[in-house]
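**Q** The numbering used here applies: residue 187 is where the sequence shown begins, and numbers increase by one. Here a beta-carbon is modelled for each residue, glycine too, at the ideal position from N, C-alpha and C. Computed from a prediction, not measured in an experiment: that's the story for all the values here.
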Amino acid sequence: MKRRRLCQKIRSPDHLDIGACYENIGIYYKRIHDYEKALEIGKSNLPPNHPVFAAIYDAMAKVYSDTEEHSKAILFTEKALEIKRKCLLENHSSFTTLYDRLGTIYQSTKQYLKALSANQMVRIG
187 MKRRRLCQKI
197 RSPDHLDIGA
207 CYENIGIYYK
217 RIHDYEKALE
227 IGKSNLPPNH
237 PVFAAIYDAM
247 AKVYSDTEEH
257 SKAILFTEKA
267 LEIKRKCLLE
277 NHSSFTTLYD
287 RLGTIYQSTK
297 QYLKALSANQ
307 MVRIG
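If you want it as structure tokens, here you go:
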């Protein structure tokens, strides 16, 4: 818990990256709560398609993927993709991680055609 106190010292409770601190120490339930809080803060200060939201949704998707909550992982990965498509060119390298995650999730849930499609997007990106 020393690491958690350090995270809280380094980052204020309303900092958008506080969830990432918790990610490093593996506190999944706390991470989701803090990412949700980061979304609230961001929504009151930033335009709706700001790239920071893609980063937060991506981080939430990773948490849900790590905890095998596949439907939520897919939902948040798709939200991150939606924002990134509005901000970046489709061949930007940051798409690779998102499509790779989708492919892995679809494969583990036996949705092989969707997995193949996502994996093909990894190669294109």
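Quick one: what does DSSP say His-278 is sitting in, helix, strand or coil?
**A** Here residue 278 refers to the residue found at position 92 when the sequence shown is read from its first residue. Three-state DSSP puts His-278 in coil, outside helix and strand.
**Q** Under DSSP, the alpha helix (DSSP H) around Glu-264 begins and ends at which residues?
**A** For this step, residue 264 is matched to residue 78 along the sequence shown. Here the alpha helix (DSSP H) through Glu-264 covers 256-273.
**Q** Mark Lys-270 as exposed unless 16 or more other C-beta atoms lie within 10 angstroms of its C-beta, in which case mark it buried.
**A** Reading the sequence shown from its first residue, position 84 is the one you call residue 270. Lys-270 should be labelled buried.
**Q** Helix, strand or coil for Lys-229 per DSSP?
**A** Position 43 of the sequence shown, counting from 1, holds the residue named residue 229. In the structure shown, Lys-229 sits in a helix (DSSP, three-state: H, G or I).
**Q** Report the rounded CA-to-CA distance for Leu-299 versus Thr-283, giving the unit in angstroms.
**A** In the sequence shown, residue 299 corresponds to position 113, counting from 1. In the sequence shown, residue 283 corresponds to position 97, counting from 1. Answer to the nearest angstrom: the Cα atoms are 19 angstroms apart.
**Q** Quick one: what does DSSP say Gln-297 is sitting in, helix, strand or coil?
**A** Numbered from its first residue, the sequence shown carries residue 297 at position 111. Gln-297: coil per DSSP, three-state reduction.
**Q** Excluding the 5 residues flanking Ala-266 on each side, which residues of the same chain have their C-beta closer than 7 angstroms to its C-beta?
**A** Within the sequence shown, numbered from 1, the residue matching residue 266 stands at position 80. Within the same chain, Ala-266 has close Cβ partners Ala-240, Tyr-243, Asp-244, Ala-247, Leu-284.
**Q** Classify Thr-283 as helix, strand or coil using the three-state DSSP reduction.
**A** For the purposes of this step, residue 283 is taken as residue 97 along the sequence shown, with counting starting at 1. In the structure shown, Thr-283 sits in a helix (DSSP, three-state: H, G or I).
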